[in-house]
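Asks:
Numbering (my numbering), first residue to last: 100 to 611.
1. Under three-state DSSP, which class holds residue 554?
2. Would you mind stating whether residue 539 and residue 581 have Cβ atoms separated by less than 7 Å?
3. Give the DSSP-derived three-state secondary structure of residue 445 in the structure shown.
4. Count the other CB atoms within 10 Å of the CB of residue 599; is the residue buried (16 or more) or exposed (fewer)?
5. Residue 291 by DSSP, collapsed to three states: which one?
6. Along the chain, where does the alpha helix (DSSP H) that runs through residue 80 open and close?
7. Is residue 405 near residue 483, with beta carbons less than 7 Å apart?
8. Look at the Cβ atom of residue 368, then the Cβ atom of residue 147, and state whether they are nearer than 7 Å.
9. What do you reckon, are the CB atoms on residue 159 and residue 211 nearer than 7 Å?
10. Which ranges does the beta strand (DSSP E) cover as unbroken runs of at least 3 residues, wholly within the segment 373-454, from first to last along the chain?
11. Does residue 163 come out as helix, strand or coil in the three-state DSSP assignment?
12. Taking the alpha carbon of residue 569 as the reference point, which residue from 596, 527, 280, 536 has its own alpha carbon closest?
13. Which residues does DSSP list as the beta-bridge partners of residue 230?
14. Measuring alpha carbon to alpha carbon, tell me which residue in 295, 309, 134 is nearest residue 255.
15. What residue does the beta strand (DSSP E) around residue 490 start on, and which one ends it?
16. If we ignore side chains and look at the alpha-carbon of each, how far apart do residue 506 and residue 408 end up?
17. To which residues of the same chain is residue 166 closer than 6 Å at the C-beta, ignoring the five residues directly before and after it?
18. Between which two residues does the beta strand (DSSP E) harbouring residue 603 extend?
19. Taking the alpha carbon of residue 257 as the reference point, which residue from 229, 315, 277 has its own alpha carbon closest?
20. Considering just the uninterrupted stretch of the beta strand (DSSP E) at residue 539, what are its terminal residues?
21. Excluding the 5 residues preceding and the 5 following residue 545 in the sequence, name in chain order all residues of the same chain whose CB lies nearer than 7 Å to its CB.
22. Quick one: is residue 62 buried, meaning 16 or more other Cβ sit within 10 Å of its Cβ, or exposed?
23. Give me, in chain order, the residues of the same chain whose beta-carbon lies closer than 7 Å to that of residue 486; leave out the 5 immediate sequence neighbours on both sides.
24. In whole angstroms, what separates the C-alpha of residue 501 from that of residue 418?
25. Please state whether DSSP places residue 561 in a helix, a strand or coil.
26. DSSP three-state call for residue 569: helix, strand or coil?
27. Since residue 61 and residue 468 should fall inside the 8 Å C-beta cutoff, what is the C-beta to C-beta distance between them, to a whole number of angstroms?
28. For the beta strand (DSSP E) holding residue 268, just list the boundary residues, first then last.
29. Roughly how many angstroms lie between the CA atoms of residue 361 and residue 343, to the nearest whole one?
30. Quick test of your reading: residue 261 and residue 195, contact by CB under 8 Å. State the CB separation rounded to the nearest angstrom.
31. Beta-carbon separation of residue 259 and residue 311 under 7 Å?
32. Straight-line CA distance for residue 200 to residue 474?
33. Let's test the definition: count the other Cβ atoms within 10 Å of the Cβ of residue 496 and tell me whether it reaches 16, buried, or not, exposed.
34. So for residue 130, helix, strand or coil by DSSP?
35. Starting from residue 340, follow the beta strand (DSSP E) in both directions and report where the run begins and ends.
36. Using the rule of at least 16 other Cβ atoms within 10 Å of the residue's Cβ for burial, across every protein chain shown, is residue 120 buried or exposed?
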């Protein structure tokens with residue numbers, strides 16, 4: 100097909116920013132591909148959201164015959180699974196996520212067990228503006244619950260949302276008093292269980308035109324969005340920007356993703372998996388004039404920073420049976436929660452996404468159980484990785500033995516290292532939550548050196564742990580210490596990795 104002089108003019112204009120600087124076009128190694136008839140129809144498909152593992156695609160169909168109210172139904176949610184490299188025939192997700200109103204998924208948590216939805220769900224023949232969350236319940240979904248956002252209002256008839264992978268940050272596309280014109284991008288933070296007043300992302304991102312369809316990548320820094328205000332190739336183009344600090348108002352100059360993605364008509368609703376290799380987005384099909392869903396392989400310069408997808412099961416440590424629980428992760432040496440997830444109530448599966456640059460603790464939490472904490476160091480992570488880590492919960496019962504996996508001492512001494520404090524603070528929280536709990540702190544060593552010295556060292560170390568707990572408010576009468584030296588190994592002492600496992604502190608529940 101020949102390119103018209105007007106199309107060439109639009110392309111040239113798009114590659115020059117308002118300061119007159121030439122923007123070099125991005126180079127893509129492949130062309131965008133239509134996802135085919137299992138996804139796309141002659142009707143409008145929009146709002147694609149790809150799961151973190153890249154295996155489930157959620158999207159919307161407008162006025163489609165299989166919508167709940169048929170062609171009269173403005174918009175229903177559909178889903179498709181990637182099986183053997185191909186997308187299955189899309190299915191209507193059904194009630195309660197689809198009802199008589201326009202429905203749409205804005206975000207899917209990394210574990211796939213919760214979804215963010217446009218609008219407040221109410222009974223009756225009307226719809227209320229807002230945003231809701233629904234949770235997986237076996238093979239179905241819970242009735243969506245409204246998220247209360249402080250001082251929420253929107254002058255526009257349109258709205259979009261996206262939530263960060265850690266479920267702590269909500270981006271909104273709304274029109275408000277402090278905006279630049281039409282829809283702008285705003286951010287709201289979850290603080291003490293409440294969503295705060297939305298804050299404008301600033302002039303680097305927002306324009307007097309509509310800036311909408313935000314997508315925050317799994318790294319929590321890379322933002323993709325659609326704009327009718329930034330210069331582009333058509334009525335709406337997709338752009339890329341990077342968060343430069345923790346203020347959420349300092350962003351790199353938005354970069355147009357170029358003619359490989361953006362057409363001379365309308366392009367928006369960009370989504371990528373945690374791997375960051377393919378982008379899914381909406382573009383106008385030039386042959387049918389309907390909006391279809393496409394994907395394209397991304398060049399390195401517009402990919403988000405690498406993350407690690409950690410997945411596994413939450414299990415009862417005694418029975419190995421799945422336990423429905425929350426999964427919490429946080430950077431080491433900080434009390435701030437890094438993020439939350441939920442395990443599947445049927446099989447215990449969970450997934451979390453951890454950005455590079457930090458070391459993390461993560462654990463499962465549910466009432467009546469104590470968690471065994473896992474740790475991972477991503478300070479040197481350089482590429483996307485998937486790890487399997489099962490999380491174990493120990494029932495709260497007399498006689499239960501719980502290892503403290505993150506207690507560290509100066510080599511061959513009883514001096515606690517600072518990286519132990521977070522684990523000890525967790526134990527303090529448990530003891531305060533259960534004020535009648537009495538425990539034995541048991542110290543263990545490897546078999547190197549004299550046994551008598553190992554006994555002394557193991558006792559000195561648990562005495563140091565007890566001293567820390569008492570310092571921060573725990574009654575010493577609830578804490579009993581015992582040194583076992585090298586008499587109770589849990590691994591062979593044949594190599595350093597196993598000897599490290601034997602050098603440990605455990606606590607045993609003596610009474611509840």
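All residues carry an ideal CB built from backbone N, CA and C; glycine is no exception.
Replies: In short, the structure shows the following:
1. Helix at residue 554.
2. A contact, by the Cβ cut-off of 7 Å.
3. Looking at residue 445 - three-state DSSP - the assignment turns out to be coil, as it is neither helix nor strand.
4. Residue 599 should be labelled exposed.
5. The DSSP-derived three-state label of residue 291 is coil.
6. As shown, the chain starts at 100 and ends at 611. That puts residue 80 outside it, with no answer to give.
7. In this structure, residue 483 lies closer than 7 Å to residue 405 by Cβ.
8. It is a contact, given that the beta carbons lie within the stated cut-off.
9. Judged by their CB atoms, residue 159 and residue 211 are not nearer to each other than the 7 Å cut-off.
10. For the segment 373-454, whole beta strand (DSSP E) runs of length 3 or above, ordered along the chain, are 377-383, 390-396, 406-415, 425-430, 438-441, 448-454.
11. Under the three-state reduction of DSSP output, residue 163 falls in the coil class, being neither helix nor strand.
12. Closest by alpha carbon: 527.
13. Residue 230 is bridged by DSSP to 217.
14. Comparing Cα-Cα distances from residue 255 to each of 295, 309, 134, the minimum goes to 309.
15. For residue 490, the enclosing beta strand (DSSP E) starts and ends at 490-494.
16. Rounded to whole angstroms, the gap between the alpha carbons of residue 506 and residue 408 is 26 Å.
17. Only residues of its own chain outside the window of five on either side were considered, and among them 172, 175 have a CB closer than 6 Å to the CB of residue 166, listed in chain order.
18. Here the beta strand (DSSP E) through residue 603 covers 603-610.
19. The shortest Cα separation from residue 257 among 229, 315, 277 belongs to 229.
20. 537-543 is the extent of the beta strand (DSSP E) around residue 539.
21. For residue 545, where only same-chain residues beyond five positions count, the Cβ hits under 7 Å are 585, 592, 598, 601, 602.
22. Because the chain in this structure spans residues 100 to 611, residue 62 falls outside the shown range and cannot be described.
23. Here the set comprises 407, 409.
24. The alpha-carbon atoms of residue 501 and residue 418 are separated by roughly 15 Å.
25. Under the three-state reduction of DSSP, residue 561 is assigned to helix.
26. When secondary structure is reduced to three states using DSSP, residue 569 falls in the helix class.
27. Since the first and last residues shown for the chain are 100 and 611, residue 61 lies out of range.
28. Looking at the DSSP string, the run of the beta strand (DSSP E) that includes residue 268 is 268-273.
29. A direct Cα-to-Cα measurement between residue 361 and residue 343 gives close to 25 Å.
30. So it is not a contact: roughly 22 Å between Cβ atoms.
31. Taking the C-beta atoms as reference points, residue 311 is found nearer than 7 Å to residue 259.
32. Inter-residue distance for residue 200 and residue 474 is about 44 Å (C-alpha atoms, whole angstroms).
33. Exposed is the call here.
34. Note: residue 130 maps to coil in three-state DSSP.
35. Counting along the chain, the beta strand (DSSP E) containing residue 340 begins and ends at 336-341.
36. Note that residue 120 scores 48 on pLDDT, short of 50, meaning its location in the model is unreliable; the coordinates nonetheless yield the value given after this. Exposed: under 16 other Cβ atoms inside 10 Å.
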